[in-house]
Structure formats: C-alpha cells, structure tokens
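In terms of my numbering, the sequence shown has 140 at position 16, counting the first letter as 1, and numbering is strictly consecutive. Cβ coordinates follow ideal geometry from the N, Cα and C atoms, glycine included. So the structure is just underneath, and the comments pick up after that.
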Amino acid sequence: MTSCTNKLQEVYNQLGFLSALPVLNETQLREAKRAFSELEEEFGEEYTQYSLHNVHLQYPWVRDLTQHPQIIQVVKAILGPDVILLDSRFICKYPTLKPDAQENEGGRNDELPYVAWHQDMRYWGIAGGPVLSVWLALDDSLQENGALQLIPGSHCADMLPHRQATRPGNMLSVNQEIPEELLQTDEAVFCPLLAGQMSIHDGLLVHASDANTSQRRRCGLVIRYVPTCAHPTQDPDRPRKFAATMLACGSDRFNHFSDKTT
C-alpha cells in the first residue's frame with residue numbers, strides 16, 4: 125500500500141469525504157458533455173433533471189464513466205480491491221430564475237429545486253459494508269449554482285432521524301430531511317468542483333445542496349459503490365431491488381447481489 129493511498133484513507137476516514145479529485149481530461153469531458161446533450165435533446169430537461177437512473181445499463185459511454193480508471197483507483201483505495209457498482213444517476217439543476225428574478229417578487233428562491241440535509245444510507249438498505257458515493261461533475265459545481273454542502277465528520281454519528289421536509293422543492297424522491305436542530309450546520313462546507321473533477325463521500329455523511337440561483341447548469345453523475353462483502357437488508361415496508369449492480373473491480377466471493385452483471 126502506497127503512502128498516497130494511506131493518506132487518502134486517513135483523510136477520508138476522518139472527514140467522510142474527499143474533493144476536487146481529477147478524473148476526466150479535456151477530450152473525455154468534451155465527449156461526455158456532447159453525449160449528455162443528446163440525452164437532453166431526446167428526453168427534455170424536465171426528465172434529465174433527475175430521471176436518468178441507472179442508464180449505465182443502456183449507454184456504453186455512461187458505463188465507461190462508472191469504470192473510469194481514475195475513479196476506480198480511488199474507490200479501491202477506500203473500499204478495497206473487490207467492489208460492486210450499486211447504482212448511478214444523473215442529477216442536473218437547471219437555471220430556473222430569470223436574470224432579474226431576485227428583484228422580482230415572483231422569483232422565490234424557497235420554491236426552487238434543492239436537496240435537503242440527508243444521509244444516503246437512509247435510503248439504500250445496505251449492511252455489512254460502507255456505501256461510497258461519487259459526484260462526477262460534467263459542469264463546474266459552485267456555490268451559486270447549487271454545489272454540494274457537507275458536514276465534515278458527520279459520518280461518525282451513525283444514522284440520524286429523518287422527517288418529511290417542510291420546504292417545497294426538495295429533489296429527494298421521498299421528500300425527507302434531517303431536522304436542522306440535530307445538525308451543526310455552522311460547520312458545513314461547500315464542495316466546489318470544476319467540470320471533470322469528482323468528490324466522494326461516505327454513505328453516512330450528512331450533506332445537502334441549495335437551489336441553483338445562477339444562469340449556469342449544474343450537472344453531474346452520481347455513482348454508488350460498495351465492497352462485495354456488503355449486502356441488501358430486508359425491509360417489508362420499503363422493499364428494495366438492485367437490478368443495476370455490476371462488478372466494478374476485483375472478484376466477488378459473496379454473491380450478495382445475485383442480479384449483478386459482469
């Protein structure tokens with residue numbers, strides 16, 4: 125194990141995330157953006173905002189992104205040599221305010237799409253190993269267009285209670301949030317990324333993102349990985365299926381995700 129890998133693990137274990145890691149070169153980024161623009165033209169922005177779920181099964185270029193050597197190298201450094209791709213989704217926040225909206229009574233920021241404070245593990249039904257989430261930026265992801273916000277070290281607090289969100293516009297599919305009175309939001313940090321960079325975070329890390337109040341799109345590919353020792357949990361109130369899993373690297377001697385492809 126190299127000193128670089130040791131350092132990655134040390135920082136990740138302490139903070140629960142790593143940021144601004146280089147992935148795509150200029151050519152790869154240009155091709156990914158071109159391919160995504162074709163999906164926008166085919167499906168429309170309302171759909172591509174959040175509904176391009178697990179399309180790595182349909183589009184080889186998306187599957188190639190989930191297996192990009194720069195991503196897999198970091199994922200292996202954190203999770204070990206044997207890793208399963210659990211899930212993927214494009215998330216786009218499109219500009220929704222006109223340039224003069226902030227001066228206009230009709231432009232209310234509290235009704236724009238945002239992501240409430242939450243932990244990914246609340247939704248995944250995974251035990252026996254961590255979930256690692258990658259955010260691969262296709263656009264610059266900055267504070268003004270709704271960059272990820274994280275609370276460093278919050279992954280050490282185990283699972284926190286979630287409730288129905290009270291503010292409209294929450295992009296989480298089950299419209300949940302962690303009550304802010306349970307969080308130290310004054311310790312939150314923004315996670316800005318340039319297009320082609322990625323951040324990674326632990327499935328228990330508390331995170332959120334504000335509305336896009338700029339005139340620039342913020343689009344990224346979210347990819348979830350788990351070590352092969354992880355396994356789905358059974359919840360009769362919310363049955364989960366992992367039909368899009370595939371072996372990302374190494375080998376799988378556990379076969380906990382029997383539907384995965386090779």
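Practice problem: Return the Cβ separation of VAL258 and ILE195 in integer angstroms, given the expectation that the two are a contact with Cβ distance under 8 Å. | Solution: 6 Å
Practice problem: Spatial neighbours of ASP359 within its chain, please: CB distance less than 8 Å, with the 5 preceding and 5 following residues excluded, ordered by chain position. | Solution: The beta carbon of ASP359 lies closer than 8 Å to those of GLY249 in the same chain, with the five residues before and after it left out.
Self-check item: Local conformation of LEU189 per DSSP, three classes
Solution: helix
Quiz item: Would you report the Cα separation of LEU189 and GLU162, rounded to the nearest angstrom?
Solution: 16 Å
Quiz prompt | Given LEU247 as reference, the closest of PHE366, CYS353, GLY204 and TYR171 once Cα atoms are compared | solution = Here residue 247 turns out to be Tyr, not Leu, going by the sequence shown. With distances taken between Cα atoms, TYR247 lies closest to PHE366.
Exercise. List the DSSP bridge partners of GLN288.
Key: The partner list for GLN288 (beta bridge, DSSP) reads GLN300.
Practice problem: Using 10 angstroms around the beta-carbon of GLY168, count the other beta-carbons present and answer buried if the total reaches 16, otherwise exposed. | Solution: exposed
Self-check item: Exposed unless 16 or more other CB atoms sit within 10 angstroms - verdict on ALA216
Solution: Ala is not the amino acid found at residue 216; the sequence shown has Cys there. Its Cβ being crowded by 16 or more others within 10 Å, CYS216 is buried.
Self-check item: Residue closest to PRO89, alpha-carbon to alpha-carbon, out of HIS180, SER127, PRO193 and HIS177
Solution: Residue 89 lies beyond the stretch modelled for the chain, which goes from 125 to 386, so this question has no answer here.
Self-check item: Spatial distance of VAL135 from PRO237 (CA atoms)
Solution: For the pair VAL135 and PRO237, the Cα-to-Cα distance works out to about 31 Å.
Exercise. Kindly list the residues whose CB is nearer than 8 Å to the CB of MET245, restricted to its own chain and excluding five residues on each side of it in sequence; keep chain order.
Key: When the five nearest sequence neighbours on each side are left out, the beta carbons in the same chain lying within less than 8 Å of the beta carbon of MET245 are those of VAL255, MET283, GLY327 and LEU328, in order along the chain.
Quiz prompt | Runs of alpha helix (DSSP H) lying entirely within the segment 148-185, each at least 4 residues, in chain order | solution = 150-167 and 169-172
Exercise. Output the distance between the C-alpha atoms of THR220 and PHE378, rounded to the nearest integer angstrom.
Key: 46 Å
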